[in-house]
Amino acid sequence: MQEIYNPKKIEKKIQSYWESNKTYKANISSKKKFYCLSMFPYPSGNLHIGHVRNYTISDVLARFHRMLGENVMHPIGWDAFGLPAENAAMENNLSPKEWTNSNIDNMRAQLKSIGFSYDWDREISTCSKEYYKWEQWFFIELFKKNLVYKKASLVNWDPVDNTVLANEQVIDGKGWRSGADVEQKKISQWFLKTTDYSSELLADLKELKGFWPENVITMQKNWIGESDGAEVYFKTSLEMNIDVFTTRLDTLFGVTFLAIAADHTFIDKCPPDIISYCKNLLKSNNDLKKSDEKIVDGIFTGIYAIHPITNKKIPIWVANYVLTGYGTGAVMGVPAHDQRDNNFAIKYDLEVIKVISSQDSNDDVYTGSGILINSLDFNKLDNISASDSILKFLVNNNCGKQVKNYKLRDWGISRQRYWGCPIPIIYREDGEILAVEGSELPIELPDDVDFSLGGNPLENHPTWKYTKCNKTGLNAIRETDTLDTFFESSWYQSRFCSPKDDEKMIGDEANYWLPVDIYIGGIEHAVLHLLYARFFHKLLRDQGMLSSNEPFKNLITQGMVLKDGSKMSKSKGNTVDPSALIEKYGADTVRLFVIFAAPIENSLEWSDHGVEGSYKFLNKLWNTGYKISKLPKINANIDLDQEKKLKIMVNKSILKITDDYGKRLSLNTIVSSCMEMLNAITKAIQANNLGTEVIFDSYKTLVLLLNPITPHICHELGSLLNISDLDKDISWPKANMNFINDDQIIIVIQVNGKVRKKIDVEANISQEKLENMSLNLEEVKKYTINKEIKKIIYVKGKLVNIVAL
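Residues 1 to 805 in the working numbering are what the sequence shown lists, from first letter to last.
Structure representation (structure tokens):
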């Protein structure tokens, strides 16, 4: 064994061994399965430290579960379609395919250099025809079952990326990728019937409670947005009802106007000046951004509705604060009991009728509970009882019904871009819209596109868009929109189970591997990818391809990597190149640092000093192994009490670290415990009063416990010291309960609040004895010499704090 730690040499050798032996290839077996997955990367060209942290966490857990003897699948792939490739193609005069595949090659090499234990035989790329062929096939199946449809709709238009965005992709009124102010635009789009699954998506969140972060569950619950209420039918002076959803049926007698969205179907019945106003409003008003603002605006349509109980005429207004995507796109205007309605009524001098009375209802706008007034036969009822009674009246008179409403809308899945999965639809010259035949799949993207023409190159392609219907021979035009890239990432976890299957979209193996046992990724995907993936999983289940209800059993949302308190970005000049770090320190050092620097869920503050510290620790680990290799086989100078203390410490560490890996997912504290173990072992070597076998066994345990985090150095140490082949002789250390001595406890010794020593003592030690023992420790004397002991604070069973001034 060489005395000097050489990570570059070691890691290259070990990685070559793993690759040539296909060490991490996963197959179905009788063992307990463990499917570990990180959100796969977009092939931007280079890994960043955020990637490294995410993938190191998943690799650590995958390696730990392998050592437990479980059958682990840990795959990787590429979320390869998307706008950046198209933009790069225009900037660099490259095809998106060339740019993407080149980036994949580079990033694959980077991933391998960090030693991630992937089953590379399962690698997938969403831009490969072998992958998106099945996506097209599934689209056709959904089309046949009317779960996908096309309609003209007001959509969120990103003027920078020149494409439609789903509601989930609009963040505070801006495009999720470009950051541009989103506009409203009416165009024909393809939709998936997400709303058919609103109730189940909400109900099944209960299955995830305790396994997913509570804030993610809350975000999805709020996004789905279930409301219990009623739909009230208002007749109009035209032959068309306006149906209104409300959760406050108790305020029905306070309605003094109806407010409808600018794109409500009723607008088509309005005079030309109203239609013109609405078109201008839609162009200038992003309802997702403006709906919660206090500035209200509108126009009277000149048309009246009829109150379903009083038969009173109610004016119908267009209002900018009414959301077309929630409820029915129409609301009851109740100015006495809703602030926005009140603002609107004041601006346009509309009637205000108070119908809820309470001791607390002196405010102009009262939104609480109370007793009904000005409500005919329902006066003097409390508002809860009144709501029930009013609903019964409406139902009995065919004027309304009880309903559940959801904020969740159908998912708009078509994008006006080139670099995406072609939608397998043709428009025949006789007006028919048809799915292509399965035998025609995959519909591939053409390579000879011209980006200089602007817009969607598929729309401008001279030949690709023109085809014939196989059934009739009639001329047809292909759909030139492509699928939203979230479509690809919604089912990739299932395809990993049988990535080479040419006969099925999802092979039978999926029901062995799914659901994913631990899924790791950023919180920013809470209501984007994670909601879509849950929805898609249920679609696949209902098509008979899966048997489980949810795709991901456990979810970890790791924190961001920061530098100088800010998120890393090229524009700020605060990025860190993982490849340069690996070249200088080795992959194990980088892995160790990103695990040790912060708890998984917290942000990680980058520290060059911390990286140096991790490198020093691995040097110390190596040097200790070298010293142990030189120890004599027999040591005559043995202190049995010290041997017992080391054994107790090691076995307690096994229990704690095992729980930290498995139950608590407290990976950073594992490193702390291993550092304490290494310190204890090095002190034992220096003291020369322990048997060589005890020291070797303790060091062997340390190497095994560290292996999931720093696998290269541990593999090499295992080989050189004849510990074991950590990839073949997989065995997680088991604690010897004979040395888990409940009569011994660890007490923290502090001087003026700073930890100076941790000592093992008998659990029933007296306070006086413990204080005297603490004062006589060399580590304490160093900080109390020539000082007066003012007081000693004792927390039973935990710590002694000596206050010396």
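Glycine residues also receive a C-beta, built at the ideal position from the N, C-alpha and C atoms.
Because the structure is a prediction, the values reported are computed rather than measured.
Does the beta-carbon distance from Ile426 to Thr463 come in below 8 angstroms? It is not a contact, given that the beta carbons lie outside the stated cut-off.
Note down, in chain order, each residue of its chain lying with its Cβ closer than 6 angstroms to the Cβ of Ile104, except the 5 sequence neighbours on either side. Pro43 and Trp78
Taking only the alpha-carbon atoms, compute the straight-line gap between Asn6 and Ser719 and give it to the nearest angstrom. 15 angstroms
Look at the alpha carbon of Ile654 and the alpha carbon of Ile740, and state the distance between them as a whole number of angstroms. 10 angstroms
Restricting to runs no shorter than 4 residues, where is the alpha helix (DSSP H) found entirely within the stretch 659-707? Taking only runs of at least 4 residues, the alpha helix (DSSP H) segments lying wholly in the stretch 659-707 are 667-687 and 692-706.
Assuming Asp760 and Lys645 are in contact, meaning their beta carbons sit under 8 angstroms apart, how far apart are those beta carbons, in whole angstroms? 6 angstroms
Whether Gln359 touches Leu282 by CB criterion (8 angstroms): no
Exposed unless 16 or more other CB atoms sit within 10 angstroms - verdict on Leu288: Since pLDDT at Leu288 reaches only 40, below the 50 mark, its modelled position is unreliable, and the value read off the structure follows with that caveat. Flag for Leu288 reads buried.
DSSP state of Ile792 mapped onto helix, strand, coil: strand
Short of 6 angstroms in beta carbon distance, which residues of its chain neighbour Asn635, apart from the five on each side in sequence? Order them along the chain. Gly691 and Thr692
Go through its chain and collect everything with a Cβ distance to Pro499's Cβ below 6 angstroms, but skip five positions before and after it. For Pro499, where only same-chain residues beyond five positions count, the Cβ hits under 6 angstroms are Arg122 and Ile124.
Quick one, which of Tyr321, Lys354, Thr236 and Ala62 has its alpha-carbon nearest Thr301's? Checked all of Tyr321, Lys354, Thr236 and Ala62; the closest Cα to Thr301 is Thr236.
Gly613 lies in the alpha helix (DSSP H); which residues open and close that run? Asp608 to Ser629
Where Cys36 falls: helix, strand or coil (DSSP): strand
Please classify Lys401 as buried or exposed, where buried requires at least 16 other C-beta atoms within 10 Å of its C-beta. Exposed, since its Cβ has fewer than 16 Cβ neighbours within 10 Å.
I'd like to check one pair, Pro599 with Asn668: are the Cβ atoms closer than 8 angstroms? In contact: Asn668 and Pro599 (Cβ atoms closer than 8 angstroms).
So the candidates are Phe81, Val322, Trp99 and Ser579; which of them puts its Cα closest to the Cα of Ala259? Val322
On the DSSP bridge assignment, give the partners of Gly229 in chain order. Val403
For Thr251, is the classification buried or exposed, using 16 other Cβ atoms within 10 angstroms of its Cβ as the cut-off for buried? buried
Please give the ranges of any beta strand (DSSP E) in the stretch 51-128, keeping only runs that are unbroken, at least 3 residues long and fully inside the region. Unbroken beta strand (DSSP E) runs of no fewer than 3 residues, entirely contained in the stretch 51-128, are found at 71-73, following chain order.
In whole angstroms, what separates the C-alpha of Leu514 from that of Ser569? 36 angstroms
Extent of the continuous beta strand (DSSP E) to which Ser198 belongs: It is not in any beta strand (DSSP E) - Ser198 instead sits in the alpha helix (DSSP H) that spans Ser198 to Ala203.
Considering only the alpha carbon of each residue, which of Gly586, Tyr492, Gln744 and Lys9 lies closest to Asp641? Closest by alpha carbon: Gln744.
8 angstroms Cβ shell around Lys633 - same chain, five flanking residues per side excluded: If we look at Lys633 and ignore the five residues flanking it on each side, its Cβ neighbours are Thr692.
Count the other CB atoms, across all protein chains shown, that sit within 10 Å of the CB of Thr710; report buried if there are 16 or more and exposed otherwise. buried
DSSP puts Leu258 in a beta bridge; with which residues? Ile316 and Met332
Let's test the definition: count the other Cβ atoms within 10 Å of the Cβ of Gly412 and tell me whether it reaches 16, buried, or not, exposed. Burial call: buried.
Taking the Cβ atom as the reference point for each residue, do Ile76 and Val561 lie within a distance shorter than 8 angstroms? no
Tell me the start and end of each unbroken beta strand (DSSP E) in the stretch 400-443 that is at least 3 residues and wholly inside, in chain order. If we require 3 residues or more, the beta strand (DSSP E) runs fully inside the stretch 400-443 come out as 400-406, 425-428 and 433-435.
Candidates Val72, Leu249 and Ser414: which alpha carbon is nearest Lys25's? Here the closest residue by C-alpha is Val72.
Cut-off 8 angstroms between Cβ atoms - residues of its own chain near Lys133, not counting five sequence neighbours on either side: Leu441 and Pro442
Ignoring anything shorter than 4 residues or poking outside the stretch 720-789, list the alpha helix (DSSP H) runs there in chain order. 767-775 and 778-784
Ends of the beta strand (DSSP E) at Asn309? As written in the sequence, residue 309 is Ile, which differs from the Asn given in the question. Run containing Ile309: none; DSSP gives neither H nor E here.
Classify Ala526 as helix, strand or coil using the three-state DSSP reduction. coil
Within a Cβ cutoff of 6 angstroms, which residues of the same chain sit near Ile892, ignoring the five residues on either side of it in sequence? Outside the shown range of the chain (1 to 805) lies residue 892, about which nothing can therefore be said.
Leaving out five residues on either side along the sequence, give the residues of the same chain with a beta carbon under 7 angstroms from the beta carbon of Ala89. Ser95, Pro96, Trp99 and Phe451
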